[in-house]
Amino acid sequence: MASVRLEKVCKAYGKHTVVHDLSMTIQDGECFTFLGPSGCGKTVVLRMIAGFEQPDSGEIWIGDTLVSSPARGVFLPPEKRRIGIVFQDYAVWPHKTVAENIIYPLTIQKVTRAEAAERTARTVAMVGLEGLGDRLPFQLSGGQQQRVALARALISRPQIMLLDEPLSNLDANLREEMRFEIKELQKNTGVTILYVTHDQEVALAISDRMAVMDENGVIRQVGAPDDIYEKPADSFVFKFMGVSNFIPLEWRSGSVYVMGSDSVLDCPLDAEQIEAVRSGTLVAGCRPHDVDLSAKVSDNWGVVRRAVYLGPVMDYRVSVGKVEIRAQKDIYEVLTKSCIFREGDTVGLRFFDLKWFREKELAVAAEAAQ
Amino acid sequence: MGIAEILLALSVLVLVVVVAIPVLLILGTAFFVDGHFNIKDVVQVLTEPDTYEALKNSLVIAAGVTLFSTFIGVFFAWLVSRTDLPFKGTMKLLFLIPFMLPSFIGALAWKMLLSPRSGYITKLLMSSFGLESAPFNIYSLAGIIAVETMYLFPFVFIQVSGALERMDPTLEESARISGAGLFTITRRITLPLMMPSIGAGALLVALYSLAHFGVPAILGSEVGIYNIPTKIYERIYQSGGNFSAIRTATILSTILVVSAGVILYLQSFILKAGRFQVISGKSMRPVLLKLRGMKIPLLILSIIYIAITVVLPTVTIFMVGTLKTYGLEFTAANMTLDNIKYILFEWKMTQDAIWNSFYISLAAALVTMLVGTLISYVIVKMKVRGKFLLEFLGVLPFSLPGTVIALGVILMWSGRFGVNLYNTAWIILIAYIARYMAFSLKSNSAALEQVHDSLEEAARACGATHWQALKDIVIPLIKPGMVAAFFLIFLPALRELTTSVLLYGPKTRTIGVAIYTLNEDGETVYAAALASVALVIIVIGQLVIKRVTRSKLEGE
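Residue numbers (the working numbering), protein chains in the order written: chain A, 1 to 370; chain G, 371 to 926.
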């Protein structure tokens with residue numbers, strides 16, 4: 001097992017810079033996720049660690065081994081990095097059986113036949129593919145193929161496992177099951193896992209720590225899943241982690257109003273925040289389930305524009321002036337308190353757990369408000 | 371990364387030696403006299419009456435063949451894929467047979483049937499109707515156009531029937547729902563959607579016809595009708611290889627290369643423009659036009675067409691091949707298998723020709739397949755600086771007609787660079803490699819594009835070196851493509867005529883050359899007998915391909 005250290009890594013394709021000056025350390029035995037929208041360069045980072053791409057500058061260390069450093073002329077080819085990799089498209093070799101696929105790394109390492117057979121059997125059992133050893137990949141389901149890929153990556157006991165969106169081709173149920181199993185595998189083997197995904201749910205479920213990247217490849221926040229979710233560093237992270245409301249504000253006659261409306265936001269602000277509202281650089285954010293609606297109309301009110309039944313929750317879109325707020329209420333609560341609203345109803349609003357975002361993020365908020 | 375650069379350099383080297391230098395030599399010879407650029411002479415050569423005539427003939431033939439092939443190809447494609455014609459599956463296979471048959475053998479057969487003096491059909495018609503002179507003359511532009519059309523129309527047929535079968539039927543259905551009749555739909559919806567495929571097929575026909583040697587050589591040269599390739603051949607043979615003949619040949623070759631380039635460019639343009647058309651990969655049952663009363667007449671028409679264009683010439687070749695002397699009646703007393711026995715077991719010249727064709731084609735197929743795999747791999751899979759050079763060179767083989775390749779290898783390998791391969795089998799081998807490189811590149815790169823990069827990367831991550839990954843993963847996965855490439859080269863090479871006829875020496879006749887020269891020398895019966903043998907070999911070869919490709923499918 002090993003840690004991974006990136007130091008000032010840069011990578012560009014032609015004039016397009018994909019990774020800019022990236023420095024970070026992934027701890028030994030940790031499950032670390034790069035989370036970001038497609039095209040943010042997260043896969044490129046993974047491929048540089050794997051050795052499929054060479055950085056333009058900077059250094060990459062796996063454990064105590066320098067694996068890439070253009071300045072020092074170091075480039076360790078992928079086959080010498082002791083990694084296991086699982087791709088989004090499984091990359092299970094179609095001309096080899098399940099057993100032949102899984103045993104391949106051991107054949108390359110010239111492990112004795114008896115040991116190879118024993119380890120293959122163990123790995124096959126670990127990923128739950130018993131009895132399928134003689135099948136060809138086209139006879140397997142997507143989930144089974146992904147298990148083959150996992151087993152093949154694990155069998156050579158790699159120092160690090162690199163997983164590139166391994167679940168996104170699977171259906172929702174299977175995805176949930178597989179992410180649990182990946183987590184189990186990590187617990188049992190203690191391998192360092194580097195996971196790349198655009199799916200925040202998977203990232204939250206699987207990671208010890210995660211890095212959220214924006215579309216320009218800039219890392220906005222690194223931290224444990226609950227940190228990222230509860231204490232987003234900025235509006236980008238907040239927005240990326242789930243459905244979100246951004247509420248632009250304005251300061252009028254001693255109160256904070258939702259911009260362009262006569263709804264008063266009833267919450268205490270310190271002097272600095274008030275100043276920020278005045279200069280138009282403070283915006284509030286909250287999740288739909290942190291919005292409470294009531295039939296009792298207060299200073300903070302809006303009109304229900306759309307009400308949709310989603311099974312466990314009711315989903316409302318409420319207009320406050322020109323700002324649209326999304327609210328979700330637990331269906332149990334809706335029924336017991338009999339607070340079902342129809343389109344056109346005027347409702348009172350209360351926000352819980354408001355997050356405050358500053359600076360240029362107003363642009364994001366304005367976009368969200370449209 | 372040493373390996374990438376080595377592979378790239380190797381690929382570039384092969385293409386430079388086999389394709390680029392010969393082409394440059396042709397251009398150099400055409401445009402430079404004593405080291406000076408000279409366009410005046412070029413114009414002068416082109417305005418000479420007989421070169422001008424050859425240019426004109428090439429154009430007329432290509433235009434005629436393209437026009438007729440397009441009509442026939444589209445008509446039959448529509449008939450087998452969009453109507454309730456009986457036995458459609460069988461008919462479809464039958465329409466593809468002309469593809470397998472060498473057109474110069476077909477020309478030979480038609481000459482035997484329709485030549486104005488001794489053609490069997492001509493004689494029959496003249497005696498039955500008491501005609502004074504022959505009703506047709508196959509030795510004419512019209513004859514050449516007709517025979518070439520029979521062998522080239524499948525290009526259009528394949529393109530169009532493929533596209534018709536893949537077309538999304540909902541496009542037609544929605545037109546039907548809007549109240550349009552089937553005729554209107556065919557004219558307003560189906561036909562416009564098929565235009566890119568029709569265009570692509572037609573251009574392919576034009577490309578082949580413009581540079582086609584066999585049919586005009588057999589049906590035109592005798593009466594002084596030349597197109598560009600036969601004119602090049604005539605010049606080089608008549609002059610014994612003097613400079614002015616070579617120069618004329620290079621200038622004509624330049625025209626062939628440029629027109630091929632233009633045609634290929636147009637084709638890629640048309641195909642790209644056709645991308646928008648909604649052709650899906652799903653299996654579907656499009657609306658079939660009910661032919662009703664026309665069903666049987668159209669079936670009979672198709673059968674007659676195939677009988678005339680496929681069965682009749684083939685039977686003629688076999689029957690003439692067994693005659694004691696050309697011109698005799700087809701009666702049991704006049705027929706014998708001795709000709710076949712003679713050319714197979716007694717005559718050194720024909721035995722050599724068969725053996726030469728066999729081993730040169732085998733070598734060419736092996737080398738071209740392997741080199742093509744290497745070049746395709748670098749182009750499709752590798753990230754290496756300087757790849758654009760290879761990509762550029764890789765397009766060249768597609769636009770070089772056989773005659774041009776032959777001329778190029780003559781210029782390069784006749785001692786100018788210290789190596790003289792003229793009159794040896796080597797020069798034919800090199801020409802075949804250049805000629806069939808395009809097939810190999812096409813087949814191999816198609817196979818490689820199916821192999822996703824991650825399959826190879828997964829092997830690298832498993833600890834395999836680049837070579838191991840190639841050996842264990844990539845090569846096994848593209849093997850079907852490589853096998854296909856091998857046969858795509860081997861079978862056409864066996865019956866090759868266009869390049870071989872410019873390169874053969876006393877001991878290096880190929881099957882095609884032997885048939886051609888036997889015919890020239892008036893040994894019609896032996897020409898037909900050897901052609902029969904060639905046809906049998908071709909049919910066996912096709913059956914083997916079917917076998918191999920099918921067992922591949924079952925094995926996977």
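Note that CB positions come from ideal geometry on N, CA and C, so glycine has one too. For clarity, every value in this text was computed on a predicted model and none was experimentally measured.
Taking the straight line between their C-alpha atoms, what separation do you get for residue i and residue j?
i                 : j                 : result
Ala12 of chain A  : Val18 of chain A  : 5 Å
Phe715 of chain G : Ser824 of chain G : 55 Å
Ile431 of chain G : Leu437 of chain G : 10 Å
Leu872 of chain G : Glu502 of chain G : 40 Å
Glu361 of chain A : Lys841 of chain G : Low local confidence applies: a pLDDT of 49 at Glu361 of chain A is under 50, so the model's placement there is unreliable, with the coordinate-based value given in what follows. When rounded, the distance between both Cα atoms is 53 Å.
Lys493 of chain G : Leu698 of chain G : 12 Å
Gln109 of chain A : Thr738 of chain G : 35 Å
Trp251 of chain A : Val308 of chain A : 33 Å
Phe499 of chain G : Leu682 of chain G : 22 Å
Leu484 of chain G : Ala447 of chain G : 29 Å
Ile673 of chain G : Val386 of chain G : 48 Å
Gly372 of chain A : Gly29 of chain A  : It is not possible to answer for residue 372 of chain A, since the shown part of chain A is limited to 1 through 370.
Lys812 of chain G : Pro862 of chain G : 16 Å
Gly851 of chain G : Arg175 of chain A : 35 Å
Leu669 of chain G : Leu522 of chain G : 22 Å
Ile848 of chain G : Phe240 of chain A : 42 Å
Phe75 of chain A  : Leu22 of chain A  : 18 Å
Glu592 of chain G : Ala615 of chain G : 20 Å
Val124 of chain A : Val92 of chain A  : 14 Å
Lys15 of chain A  : Ser439 of chain G : 49 Å
Pro767 of chain G : Pro562 of chain G : 32 Å
Gly756 of chain G : Gly217 of chain A : 29 Å
Decide if residue i is buried, meaning its Cβ has at least 16 other Cβ atoms within 10 Å, or exposed.
i                 : result
Pro537 of chain G : For the sequence presented, residue 537 of chain G should be read as Met rather than Pro. That one is buried.
Tyr894 of chain G : First, the amino acid is wrong: residue 894 of chain G is Thr here, not Tyr. Buried.
Glu59 of chain A  : buried
Asp404 of chain G : exposed
Pro876 of chain G : exposed
His198 of chain A : buried
Ser298 of chain A : exposed
Pro586 of chain G : buried
Ala271 of chain A : exposed
Asp420 of chain G : exposed
Met807 of chain G : buried
Lys96 of chain A  : buried
If you follow the alpha helix (DSSP H) that residue i is part of, which residue opens it and which one closes it?
i                 : result
Asp227 of chain A : 225-230
Tyr603 of chain G : 598-609
Ser727 of chain G : 718-751
Ala533 of chain G : 511-536
Val196 of chain A : Run containing Val196 of chain A: none in the alpha helix (DSSP H); it sits in the beta strand (DSSP E), 192-197.
Pro248 of chain A : Counting along the chain, Pro248 of chain A falls outside any alpha helix (DSSP H), though it belongs to the beta strand (DSSP E) covering 245-252.
Using 8 Å for Cβ pairs, my map puts residue i next to residue j. What's the rounded Cβ distance?
i                 : j                 : result
Gly285 of chain A : Lys355 of chain A : 4 Å
Pro105 of chain A : Cys832 of chain G : 4 Å
Ile559 of chain G : Phe474 of chain G : With a Cβ gap of about 41 Å, Ile559 of chain G and Phe474 of chain G do not count as contacting.
Val942 of chain G : Met564 of chain G : Absent from the model: residue 942 of chain G. The displayed extent of chain G is 371 to 926, so no value can be given.
Asp214 of chain A : Thr43 of chain A  : 15 Å between Cβ atoms; not a contact.
Ala735 of chain G : Leu799 of chain G : Between Leu799 of chain G and Ala735 of chain G the Cβ distance is about 11 Å, and since that is not below 8 Å, they are no contact.
Ala630 of chain G : Leu577 of chain G : 6 Å
How far does the beta strand (DSSP E) with residue i in it extend, from its first residue to its last?
i                 : result
Pro846 of chain G : Careful: Pro846 of chain G lies outside any beta strand (DSSP E), inside the alpha helix (DSSP H) at 845-864.
Ser473 of chain G : It is not in any beta strand (DSSP E) - Ser473 of chain G instead sits in the alpha helix (DSSP H) that spans 473-484.
Leu35 of chain A  : 31-35
Next item on the list: Scan the region 823-855 of chain G for residues whose Cβ lies nearer than 9 Å to a Cβ of chain A and list them as they occur along the chain.
Entry: From the region 823-855 of chain G, only Asp823, Ser824, Leu825, Glu826, Glu827, Ala828, Ala829, Arg830, Ala831, Cys832, Gly833, Ala834, Thr835, His836, Gln838, Ala839, Asp842, Ile843, Pro846, Leu847, Lys849 have a Cβ closer than 9 Å to chain A.
Margin query: Counting only Cβ-Cβ distances shorter than 9 Å, please list the residues of the region 194-222 of chain A near chain G, keeping chain order.
Written below: Within the region 194-222 of chain A, no residue has a Cβ that lies closer than 9 Å to any Cβ of chain G.
Notebook entry, point to check: Going along the chain, which residues of the region 143-159 of chain A sit with their C-beta nearer than 9 Å to a C-beta in chain G?
Noted result: Taking 9 Å as the Cβ-Cβ cut-off against chain G, the residues of the region 143-159 of chain A that qualify are Ala149, Arg152, Ala153, Ile155, Ser156, Pro158.
Next item on the list: Output, in sequence order along the chain, the residues in the region 51-62 of chain A whose CB is closer than 7 Å to any CB in chain G.
Entry: Only Phe52 from the region 51-62 of chain A bring a Cβ to less than 7 Å from some Cβ of chain G.
Next item on the list: With 9 Å as the limit, tell me which residues of the region 113-137 of chain A have their beta carbon closer than that to any beta carbon of chain G; keep them in chain order.
Entry: For the region 113-137 of chain A, the set of positions with a beta-carbon nearer than 9 Å to some beta-carbon of chain G reads Leu136 in chain order.
Next item on the list: Could you please tell me which residues of the region 9-31 of chain A, in chain order, have their CB closer than 8 Å to any CB of chain G?
Entry: So nothing in the stretch comes that close.
Check: Using a Cβ cut-off of 8 Å, which residues of the region 96-110 of chain A contact any Cβ in chain G, in chain order?
Finding: For the region 96-110 of chain A, which is checked against every Cβ of chain G, the residues closer than 8 Å are Tyr104, Pro105, Ile108, Gln109.
Notebook entry, point to check: What residues in the region 73-94 of chain A bring their beta carbon closer than 9 Å to a beta carbon of chain G?
Noted result: Hits within the stretch, in order: Phe75, Pro77, Pro78, Glu79, Lys80, Arg81, Arg82, Ile83, Gly84, Ile85, Val86, Phe87, Gln88, Asp89, Tyr90, Ala91, Val92, Trp93, Pro94.
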